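For reference, the structure is listed below as structure tokens.
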Amino acid sequence: MKARHLINYTLHLADNALVLGHRNSEWTGHGPILEQDIALSNIALDLIGQARYLYQYAARLMNAAGDAKSPVTEDQLAYLRDSWDFRNCLLVEQANGDWGTTIVRQFLFSAWQYYFYRELRGSRDGELSAIAEKSLKEVTYHLRWSGEWVIRLGDGTEESHARMEKALDQLWMYTGELFLPADYEQWLVPAGIAVDLAQVQPLWAARVQEVLKEATLTVPTAMAQKGGKQGRHTEQLGYLLAEMQFLQRAYPGCEW
Amino acid sequence: MEPTKTIWSLLETVYDPEVPVLSIVDLGIVRDVRMADGHPEIVITPTYSGCPAMDVIRMNIRMVLLENGYPDIRLTTVLSPAWTTDWMSEKGKQQLKAYGIAPPTPVPIVCDLGLFQHNEAIACPHCGSYHTTMISEFGSTACKALYRCEDCREPFDYFKCH
Numbered sequence: 000m001k002a003r004h005l006i007n008y009t010l011h012l013a014d015n016a017l018v019l020g021h022r023n024s025e026w027t028g029h030g031p032i033l034e035q036d037i038a039l040s041n042i043a044l045d046l047i048g049q050a051r052y053l054y055q056y057a058a059r060l061m062n063a064a065g066d067a068k069s070p071v072t073e074d075q076l077a078y079l080r081d082s083w084d085f086r087n088c089l090l091v092e093q094a095n096g097d098w099g100t101t102i103v104r105q106f107l108f109s110a111w112q113y114y115f116y117r118e119l120r121g122s123r124d125g126e127l128s129a130i131a132e133k134s135l136k137e138v139t140y141h142l143r144w145s146g147e148w149v150i151r152l153g154d155g156t157e158e159s160h161a162r163m164e165k166a167l168d169q170l171w172m173y174t175g176e177l178f179l180p181a182d183y184e185q186w187l188v189p190a191g192i193a194v195d196l197a198q199v200q201p202l203w204a205a206r207v208q209e210v211l212k213e214a215t216l217t218v219p220t221a222m223a224q225k226g227g228k229q230g231r232h233t234e235q236l237g238y239l240l241a242e243m244q245f246l247q248r249a250y251p252g253c254e255w
Numbered sequence: 000m001e002p003t004k005t006i007w008s009l010l011e012t013v014y015d016p017e018v019p020v021l022s023i024v025d026l027g028i029v030r031d032v033r034m035a036d037g038h039p040e041i042v043i044t045p046t047y048s049g050c051p052a053m054d055v056i057r058m059n060i061r062m063v064l065l066e067n068g069y070p071d072i073r074l075t076t077v078l079s080p081a082w083t084t085d086w087m088s089e090k091g092k093q094q095l096k097a098y099g100i101a102p103p104t105p106v107p108i109v110c111d112l113g114l115f116q117h118n119e120a121i122a123c124p125h126c127g128s129y130h131t132t133m134i135s136e137f138g139s140t141a142c143k144a145l146y147r148c149e150d151c152r153e154p155f156d157y158f159k160c161h
């Protein structure tokens, strides 16, 4: 039972990183200016790298549990699962929208991921703890970069301010889920493996409020949408997977 | 020579494909070399999680050792403790500078929880001036930031502290 929960938890973290990494990669070649195109592509690369560590670990756990007919690989987990198998939170799968929407999504998620990884470093699971230690250094950059942009655009022109307010209103409803433990987490928290999200929530809220205040933006209130962590997704994820997985499904095992 | 010493010296000839003046030993990603049942085990740690050079580096390590009579090696990747630019050798820093990339500062200034990035005093690798400006915290690769020298007007990469 514990092995199953740990696999699901690892996949949840891997899917978060992969899906946001893929969303950000959609900006590669389309960023508003070259330097920021490169910045977002670098962030995408960090996230996809983190996803790889997590998928590799999940594959090892699945192979050790022996529940697959043939050995599971990281690529199968990324490219051959369908949307109901993905356990990412709803926030990361939301469409890019304009630059401001992408920035708000990144900031809300990086703030969560920063405090989350900080806690996960203390996990009793040595592999998760090592991945967290490694990733935290990268996420620190993501948090500051996205926060700077939130401030720049929120406290910018009338147009940029209005767009940021709109993006916040659109995305805020997906932030509640970041702090709702899924069944697999409820098992792993008392075991000292998973992060207690109740510890992360106030830290996240303080950082978000600090930045939004500096950005002259209003903190929205909205009902929380949930389900992603259990495999119930918004329409957006299907389109993302259709593009991301196309090559492996059309040409199985294709490499370059 | 002890086998592990031979292997360390062979690893000195494996370069980072994206910074081809820097060996992986000088970069600080080789954490250990040990012998197990007559076969070498090489322990490496990645720089950044998404660094595409890591796969090439792994392959090149295997190639160099194969060419030198070690067909059967074990390559182990560890993530903790996480790589830091503090592990870069002094020789490596000098080679970076000669290549036109500003090396990490001796007193590491890493990203923190501050709301805004700090302006670090980074010397231009071309003219030595400290009159430089950061253009972007993310450069051509994850490990570099993009700077411009206000005196010689040349842009340059800074291998940022991590």
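So the sequence lines, in the order shown, correspond to chains F and A.
Just so it is clear: in the first sequence, position 73 is 72 by numbering that gives the first Met the number 0, and no numbers are missing.
Just so it is clear: in the second sequence, position 153 is 152 by numbering that gives the first Met the number 0, and no numbers are missing.
For glycine and all other residues, C-beta sits at the position ideal for the given N, C-alpha and C.
As the structure is a computational prediction, the values presented were derived from the model and not from experiment.
query	result
Same chain, Cβ closer than 6 angstroms to F:Gln244, neighbours up to 5 away in sequence not counted	Tyr78
N- and C-terminal bounds of the alpha helix (DSSP H) containing F:Gly84	It should be pointed out that residue 84 of chain F corresponds to Asp in this sequence rather than to Gly. From DSSP, F:Asp84 is part of no alpha helix (DSSP H); its letter is neither H nor E.
Within chain F, the residues that A:Phe115 reaches when beta carbons sit closer than 7 angstroms	Glu147
Chain F within 8 angstroms of A:Cys110, Cβ atoms only	yes
Contacting residues, own chain, Cβ-Cβ under 8 angstroms from A:Thr3 (five flanking each side not counted)	Val32, Arg33, Met34 and Pro39
Beta carbon of F:Thr215 nearer than 8 angstroms to that of F:Asp124	no
Segments assigned alpha helix (DSSP H), at least 4 residues, entirely inside the region 155-200 of chain F	157-170 and 182-187
Within chain F, partners of A:Phe155 - CB distance below 8 angstroms	Per Cβ cutoff of 8 angstroms: no residues; A:Phe155 is ~14 angstroms from chain F at best.
A:Met58, DSSP secondary structure in three states	helix
At least three beta-carbon pairs within less than 8 angstroms, the region 132-141 of chain A to the region 161-175 of chain F	no
Bridge-paired residues (DSSP) for A:Met34	A:Pro39
Exposure label - F:Ala43; buried when at least 16 CB within 10 Å	buried
F:Lys1 versus F:Leu119: straight-line alpha-carbon distance, rounded	18 angstroms
Buried versus exposed, by CB contacts within 10 Å (16 or more), A:Leu65	exposed
Helix, strand or coil at A:Ala122 according to DSSP, with G and I counted as helix	coil
Segment limits, alpha helix (DSSP H) that includes A:Asp111	Per DSSP, A:Asp111 belongs to no alpha helix (DSSP H) and is neither H nor E.
Coarse secondary structure for A:Arg147, derived from DSSP in three states	strand
Residues sharing a beta bridge with A:Pro154, DSSP	A:Arg147
Chain F within 8 angstroms of A:Cys148, Cβ atoms only	no
Nearest residue (CA-CA) to F:Cys88, options F:Ile150, F:Leu127, F:Val210 and F:Phe108	F:Phe108
Between the CA atoms of F:Gly48 and A:Ala52 - distance to the nearest angstrom	12 angstroms
Proximal residues of chain A, C-beta to C-beta of F:Tyr140 below 8 angstroms	Cys110, Glu136 and Phe137
F:Leu127 at chain A interface by Cβ criterion, 8 angstroms	no
CA nearest to the CA of F:Glu213, picked from F:Glu147, F:Asp14, F:Leu10 and F:Val138	F:Glu147
Cβ neighbour criterion (16 or more within 10 Å) applied to A:Pro124	buried
Beta carbon proximity, A:Cys50 to chain F, threshold 8 angstroms	yes
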